[in-house]
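*Asks:* Taken in order, these protein sequences are the chains called A and B. Everything in the first sequence is counted per numbering that gives the first Met the number 0, starting at 0 for the first residue and increasing by one. Everything in the second sequence is counted per numbering that gives the first Met the number 0, starting at 0 for the first residue and increasing by one. Backbone N, C-alpha and C define an ideal beta-carbon position, used for all residues, glycine too. Following this message is one structure expressed as structure tokens.
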Amino acid sequence: MRTLTVKGVGLAVLAPAIAVVLSILVTTLVIAAVGSSPGEFWSTMFEVPKPRLRVDIVNQTAMIYIAAVAAAIGFRMGLFNIGLEGQYTIASFAAASFAGAAYLGGFANVIASLAVAMAVGAAWSGIAGILKTTRGVSEVISTIMLNAIAVTLVGYFLNNYGVKEGNSVHTKNLEPGTTLGGFAPFEDRDGEIWALTIVAVLVGVGFWVLLNKTRFGFDLRASGQSETAALASGINPKRMILVSMMLSGAVAGLIWMPALFGGARNYGTSFQVGLGFLGIAVALLGRNRPVGMLFGALLFAFLSVKSNDLTFGTDVSPSIVQITQGVAVLAVVVTYEVVRRWRTRLEQRAVSRELAGAAL
Amino acid sequence: MSTVVERLTKSWLYIGLIGIGVVSFVRIVTDTNDLTGAGTIRAAIIATCPILAAALGGLWAERAGVVNIGLEGQMILGTWGAAFFTYHYGPWIGILGAALLGLIGGLLHAIATVTFGVDHIVSGVAINLIGAGAATYLAEAIFPDYEGGGPRQLNGLEAPTQITIPGVSDLANDVADKHWFFVSDIASVIQALTTNISTLSLVIFGLVVLSAIVLWRTSFGLRLRSCGENPQSAETLGVNVYLYKYVAVLISGALAGIGGGFLALVSSSGFSNGQTGGRGYIGLAAMIFGNWRPGGLLAGALTFGYTDSLRLRDTQSVHSLLLLVAIGLLAYAAFRAYRRQVQGAVVVATAGLLVLVWFLSTDSVPREFTVMTPYVTTMFVLALGSQRLRMPAADGKPYRKGSAG
Numbered sequence: 000m001r002t003l004t005v006k007g008v009g010l011a012v013l014a015p016a017i018a019v020v021l022s023i024l025v026t027t028l029v030i031a032a033v034g035s036s037p038g039e040f041w042s043t044m045f046e047v048p049k050p051r052l053r054v055d056i057v058n059q060t061a062m063i064y065i066a067a068v069a070a071a072i073g074f075r076m077g078l079f080n081i082g083l084e085g086q087y088t089i090a091s092f093a094a095a096s097f098a099g100a101a102y103l104g105g106f107a108n109v110i111a112s113l114a115v116a117m118a119v120g121a122a123w124s125g126i127a128g129i130l131k132t133t134r135g136v137s138e139v140i141s142t143i144m145l146n147a148i149a150v151t152l153v154g155y156f157l158n159n160y161g162v163k164e165g166n167s168v169h170t171k172n173l174e175p176g177t178t179l180g181g182f183a184p185f186e187d188r189d190g191e192i193w194a195l196t197i198v199a200v201l202v203g204v205g206f207w208v209l210l211n212k213t214r215f216g217f218d219l220r221a222s223g224q225s226e227t228a229a230l231a232s233g234i235n236p237k238r239m240i241l242v243s244m245m246l247s248g249a250v251a252g253l254i255w256m257p258a259l260f261g262g263a264r265n266y267g268t269s270f271q272v273g274l275g276f277l278g279i280a281v282a283l284l285g286r287n288r289p290v291g292m293l294f295g296a297l298l299f300a301f302l303s304v305k306s307n308d309l310t311f312g313t314d315v316s317p318s319i320v321q322i323t324q325g326v327a328v329l330a331v332v333v334t335y336e337v338v339r340r341w342r343t344r345l346e347q348r349a350v351s352r353e354l355a356g357a358a359l
Numbered sequence: 000m001s002t003v004v005e006r007l008t009k010s011w012l013y014i015g016l017i018g019i020g021v022v023s024f025v026r027i028v029t030d031t032n033d034l035t036g037a038g039t040i041r042a043a044i045i046a047t048c049p050i051l052a053a054a055l056g057g058l059w060a061e062r063a064g065v066v067n068i069g070l071e072g073q074m075i076l077g078t079w080g081a082a083f084f085t086y087h088y089g090p091w092i093g094i095l096g097a098a099l100l101g102l103i104g105g106l107l108h109a110i111a112t113v114t115f116g117v118d119h120i121v122s123g124v125a126i127n128l129i130g131a132g133a134a135t136y137l138a139e140a141i142f143p144d145y146e147g148g149g150p151r152q153l154n155g156l157e158a159p160t161q162i163t164i165p166g167v168s169d170l171a172n173d174v175a176d177k178h179w180f181f182v183s184d185i186a187s188v189i190q191a192l193t194t195n196i197s198t199l200s201l202v203i204f205g206l207v208v209l210s211a212i213v214l215w216r217t218s219f220g221l222r223l224r225s226c227g228e229n230p231q232s233a234e235t236l237g238v239n240v241y242l243y244k245y246v247a248v249l250i251s252g253a254l255a256g257i258g259g260g261f262l263a264l265v266s267s268s269g270f271s272n273g274q275t276g277g278r279g280y281i282g283l284a285a286m287i288f289g290n291w292r293p294g295g296l297l298a299g300a301l302t303f304g305y306t307d308s309l310r311l312r313d314t315q316s317v318h319s320l321l322l323l324v325a326i327g328l329l330a331y332a333a334f335r336a337y338r339r340q341v342q343g344a345v346v347v348a349t350a351g352l353l354v355l356v357w358f359l360s361t362d363s364v365p366r367e368f369t370v371m372t373p374y375v376t377t378m379f380v381l382a383l384g385s386q387r388l389r390m391p392a393a394d395g396k397p398y399r400k401g402s403a404g
């Protein structure tokens, strides 16, 4: 383990700090360029959110965090699971259908539905895993294709077997006994923090334990850092690829579950797309570390939710935060790279100084 | 014999002719003249062009060793650029505007991947986020004030000129209406190419030829490709690798932008939010399908464009396509068997028989299945042919100046 030094921590915090400053700068410039007022924008964004929005932020943070962990499992193994989007779409649809059919009652239905979501997510990402291990197909391309296939496939099932209501189609509503609701920290009209946001906590802790306290986690990190070294120490790389890909898909299957059992009650227009890509972005932002990703998820959820206020007070449209988020990700990966090079140079210089000292 | 087979498979022209022959056969057997009607071919050309432009963009970047998954984002930027500049200055400046916006996306990608050595996929994903966000925001901020505009669209834009070659067009029309085997199908293609074809389509097809010449017939192209194969060696020979990579990625972004411009100006009469619908990714798939070569990616883009256009037409013609797919798979299985690749032959033949059964036992195909076709095809091609595909050797690998040692 690397020991914590002041300089080490400083360098680790430096990159995200620079990235945040850069994204604030770019956002300000873009707003000014189209003739709106950046001052108004930032003062609206940094007002303390109203209770209803605070509840939303917690719920969104949970879902984005689950997505980030799913992405991170792949990243730590050196795999790019760009297919989270498709995995959680098809898994959410399957789980919502299963839960709506009400084969089981009460809490058992919830648990079984979560299992269905994980199994379907794992199976969908497993296709990419099998293609990679048996045919050498890059998981990046196959998961992009699987995303598109998943979305159309779900559309097909929904149109043919869904419940039609006016112009929209959705899966069967959950029976009242099987929704979980949540707890309302403020007044009832401000909404509830969904019960299954607890899944995010479990997933986060589980991820940390898996990585740092288990044989599998060690194998995973080893394979991610050097496949040849991993192979030499007796790790079966193909098995690792398949298992971690499926694990990533299984976690991805859980992404939308808090919303399903909290507010949505069916898979339909209420389904929230784009969480998969946000998860990838947050995993990059938080360097695939459990705590780092928590801050990243909180930041992204804050930006997305708080931007709703913009429609009232300002003439800036809420979609501006998408630019902020995108720039933050690009800036953070660039600055990590710069800091890494800088750190290497510092180490090289330190070593050469010590060697020079020893030679005397 | 095997040399004959190889010579045949090497020539896209023959494959094209055989393909048209088989399509014609299927058209007559299933009695669906719409399969190669001039209207269908026209729609197919319009659907092909944006995919083709994106695929070409992918080719330029990857030949220089940079994976550009940001094509989608650059394309989205292109749709916005085309709308903005066409509104103010007319369609041709509009297309340049689309290229410029795409180029800006390419510049971001080049800075991140070439100068800073960031993982190419990571940077591409970020650029897709930025591109989608920027186009949405800029549209909401600017277009509502324009005539025909709203927060999510800008309609009534002037399209680039369309060309008709009078004599040829009429003659081809007459022949196509006869519904003869093979001849009428060719006539339909000629009719579609000579009647009201957008000049921008011709420009994009021209860019494929131009790219092929520049990349494979000039010393500039040779140096650019050497950066994708072995940048260290290129460096030792005095090639400025960073410069070539930058040029390639900028051109890549501009081409994707033009593809976006085509969507806004030719495919529809204006900008609408989210109109790329993942075509940047399909372009990337078409390029891989085409084995990182211009002729191949043209074939890929045409295949995807054709299926893409069919979903807009009646489901009966899509259904007759099943027979086409079945014949294609069985022929490929026979080819595999001839090559003594028993396992592959069995797998492909089984798939072919299943499709044949599907064709015989149903009389329409759900629309969603047509939408899926390009994606499923790509997966199949990758799964079956990944050993035969060869991407540039240093594609996607980070490179730093001075690492040649």
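#1: With a floor of 4 residues, list each alpha helix (DSSP H) that falls wholly inside the region 157-217 of chain A, ordered by position along the chain.
#2: Using three-state DSSP, classify B:PHE270 as helix, strand or coil.
#3: Classify B:SER197 as helix, strand or coil using the three-state DSSP reduction.
#4: By how many angstroms is the C-alpha of B:SER200 removed from the C-alpha of B:THR193?
#5: Would you report the Cα separation of A:ILE30 and B:THR39, rounded to the nearest angstrom?
#6: From A:LYS212 to A:LEU201, what does the alpha carbon distance come to, in whole angstroms?
#7: Would you please verify whether the beta carbon of B:VAL238 is less than 7 Å from any beta carbon of chain A?
#8: What in chain B is Cβ-close to A:GLN324, meaning under 8 Å?
#9: Please list, in chain order, the residues of the region 136-150 of chain B that have any C-beta partner in chain A closer than 9 Å.
#10: Mind checking which residues open and close the alpha helix (DSSP H) that includes A:LEU113?
#11: Considering only C-alpha positions, which residue in the set B:THR275, B:LEU321, B:ALA392, B:PRO365 is nearest to B:ALA81?
#12: Does any CB atom of chain B fall closer than 7 Å to the CB of A:TYR87?
#13: Report the rounded CA-to-CA distance for B:TRP357 versus B:SER319, giving the unit in angstroms.
#14: For B:THR198, which residues in the same chain have their Cβ closer than 8 Å to its Cβ, ignoring the five residues on either side in sequence?
#15: Does any residue of chain B have a CB that is nearer than 7 Å to the CB of A:VAL373?
#16: Using three-state DSSP, classify B:GLN340 as helix, strand or coil.
#17: Of all the CB atoms in chain A, is at least one closer than 7 Å to the CB of B:GLY124?
#18: Please report the residue range of the alpha helix (DSSP H) in which B:LEU153 lies.
#19: Roughly how many whole angstroms lie between the Cα atoms of A:GLY233 and A:LEU209?
#20: Beta carbons nearer than 7 Å to chain A: which residues of the region 359-385 of chain B have them?
#21: Helix, strand or coil for A:ARG344, going by three-state DSSP, please let me know.
#22: Are any of the Cβ atoms in chain A nearer than 7 Å to that of B:GLY116?
#23: Within 10 angstroms of the Cβ of A:VAL139, are there 16 or more other Cβ atoms? Answer buried if so, exposed if not.
#24: Check the Cβ-Cβ distances between B:ALA111 and every residue of chain A, and say whether any is below 7 Å.
#25: List, in order along the chain, the chain A residues whose C-beta lies closer than 8 Å to that of B:VAL347?
#26: Closer than 7 Å, Cβ to Cβ, to anything on chain B: give me those residues from the region 273-304 of chain A, in chain order.
#27: Quick one: what's got a C-beta closer than 6 Å to B:LEU16's C-beta in the same chain, skipping five residues either side?
#28: Using alpha carbons as the reference points, say which of B:CYS48, B:SER402, B:MET390 lies closest to B:GLY227.
#29: Here's a check: name, in chain order, each residue in its chain whose Cβ is nearer than 8 Å to the Cβ of A:GLY105, leaving out the five neighbours to either side.
#30: Can you pull the chain A residues whose beta carbon is under 8 Å from the beta carbon of B:ILE103, in chain order?
#31: Under a CB-based cut-off of 7 Å, is A:MET44 close to chain B?
#32: Determine the chain D residues that contact B:GLY277 at a beta-carbon separation under 7 Å, and present them in chain order.
#33: Let's test the definition: count the other Cβ atoms within 10 Å of the Cβ of A:ASN158 and tell me whether it reaches 16, buried, or not, exposed.
#34: Whole angstroms are fine: how far does the CA of B:ARG41 sit from the CA of B:ILE164?
#35: Are three or more beta carbon pairs between the region 329-341 of chain A and the region 141-149 of chain B nearer than 8 Å?
#36: Anything in the region 326-345 of chain A with a Cβ closer than 7 Å to a Cβ of chain B? List those residues in chain order, please.
*Replies:* Taking the geometry as given:
#1: 197-212
#2: Residue 270 of chain B sits at position 271 when you count from the first residue of the second sequence. Correct three-state label for B:PHE270: strand.
#3: For the purposes of this step, residue 197 of chain B is taken as residue 198 along the second sequence, with counting starting at 1. B:SER197: strand per DSSP, three-state reduction.
#4: Position 194 of the second sequence holds residue 193 of chain B. Position 201 of the second sequence holds residue 200 of chain B. Cα to Cα, the separation comes out at about 12 Å.
#5: Position 31 of the first sequence, counted from the first residue, corresponds to residue 30 of chain A. Position 40 of the second sequence, counted from the first residue, corresponds to residue 39 of chain B. Answer to the nearest angstrom: the Cα atoms are 44 Å apart.
#6: Position 213 of the first sequence, counted from the first residue, corresponds to residue 212 of chain A. Position 202 of the first sequence, counted from the first residue, corresponds to residue 201 of chain A. A straight line joining the alpha-carbon of A:LYS212 with that of A:LEU201 spans about 15 Å.
#7: Within the second sequence, numbered from 1, the residue matching residue 238 of chain B stands at position 239. So, not an interface residue.
#8: Reading the first sequence from its first residue, position 325 is the one you call residue 324 of chain A. The contacting residues are LEU128, GLY132.
#9: TYR136, LEU137, ALA138, GLU139, ALA140, ILE141, PRO150
#10: The count along the first sequence starts at 1 and reaches residue 113 of chain A at position 114. Where A:LEU113 is concerned, the enclosing alpha helix (DSSP H) starts and stops at 105-134.
#11: Here residue 81 of chain B refers to the residue found at position 82 of the second sequence. Closest by alpha carbon: B:THR275.
#12: To locate residue 87 of chain A, count along the first sequence from 1; it is residue 88. Not an interface residue.
#13: In the second sequence, the residue the question calls residue 357 of chain B occupies position 358. In the second sequence, the residue the question calls residue 319 of chain B occupies position 320. In this structure, the CA atom of B:TRP357 is about 11 Å from the CA atom of B:SER319.
#14: Here residue 198 of chain B corresponds to residue number 199 of the second sequence, with the count starting at 1. PRO159, THR160, GLN161, ILE162, listed in sequence order.
#15: Here chain A comprises residues numbered 0 to 359, so residue 373 of chain A is not present and cannot be evaluated.
#16: Taking the second sequence and counting its residues from 1, one reaches residue 340 of chain B at position 341. Residue state, collapsed to three classes: coil.
#17: Reading the second sequence from its first residue, position 125 is the one you call residue 124 of chain B. The identity of residue 124 of chain B in the sequence shown is Val, whereas the question assumes Gly. B:VAL124 counts as touching chain A.
#18: As a first step, residue 153 of chain B is located in the second sequence; it is residue number 154 there, counting from the start. B:LEU153 -> not in any alpha helix (DSSP H); beta strand (DSSP E) instead, spanning 152-154.
#19: Taking the first residue of the first sequence as 1, we reach residue 233 of chain A at position 234. Taking the first residue of the first sequence as 1, we reach residue 209 of chain A at position 210. Approximately 19 Å between the Cα atoms of the pair.
#20: PRO365, GLU367, VAL370, MET371, TYR374, VAL375, THR377, MET378, LEU381, ALA382, SER385
#21: For the purposes of this step, residue 344 of chain A is taken as the residue at position 345 of the first sequence. A:ARG344 sits in a helix when the DSSP states are folded into three classes.
#22: Taking the second sequence and counting its residues from 1, one reaches residue 116 of chain B at position 117. True, the Cβ-Cβ gap to chain A drops below 7 Å.
#23: Within the first sequence, residue 139 of chain A is the residue found at index 140, counting from 1. It counts as buried.
#24: The sequence position of residue 111 of chain B within the second sequence is 112, counting from 1. Output row for B:ALA111: interface = yes.
#25: Reading the second sequence from its first residue, position 348 is the one you call residue 347 of chain B. Ordered by position in chain A, no residue passes the 8 Å Cβ test against B:VAL347, which lies about 14 Å from the chain.
#26: PHE276, ILE279, ALA280, LEU283
#27: Within the second sequence, numbered from 1, the residue matching residue 16 of chain B stands at position 17. Nothing listed; no residue qualifies.
#28: Numbered from its first residue, the second sequence carries residue 227 of chain B at position 228. Taking the Cα of B:GLY227 as reference, the smallest distance to any Cα among B:CYS48, B:SER402, B:MET390 is reached at B:MET390.
#29: The sequence position of residue 105 of chain A within the first sequence is 106, counting from 1. For A:GLY105, where only same-chain residues beyond five positions count, the Cβ hits under 8 Å are GLY176, THR177.
#30: Working through the second sequence from its first residue, we reach residue 103 of chain B at position 104. Within chain A, no residue comes near B:ILE103; the closest Cβ sits about 12 Å away, beyond 8 Å.
#31: Start at 1 with the first residue of the first sequence, and residue 44 of chain A comes out as number 45. A:MET44 does not count as touching chain B.
#32: No chain D is part of this structure, whose protein chains are labelled A and B.
#33: Translated into positions along the first sequence, residue 158 of chain A becomes position 159. It counts as exposed.
#34: Walking along the second sequence from the start, residue 164 of chain B turns up at place 165. Walking along the second sequence from the start, residue 41 of chain B turns up at place 42. C-alpha separation (whole angstroms): 15 Å.
#35: No, the region 329-341 of chain A does not touch the region 141-149 of chain B.
#36: VAL326, VAL328, LEU329, VAL332, VAL333, GLU336, VAL337
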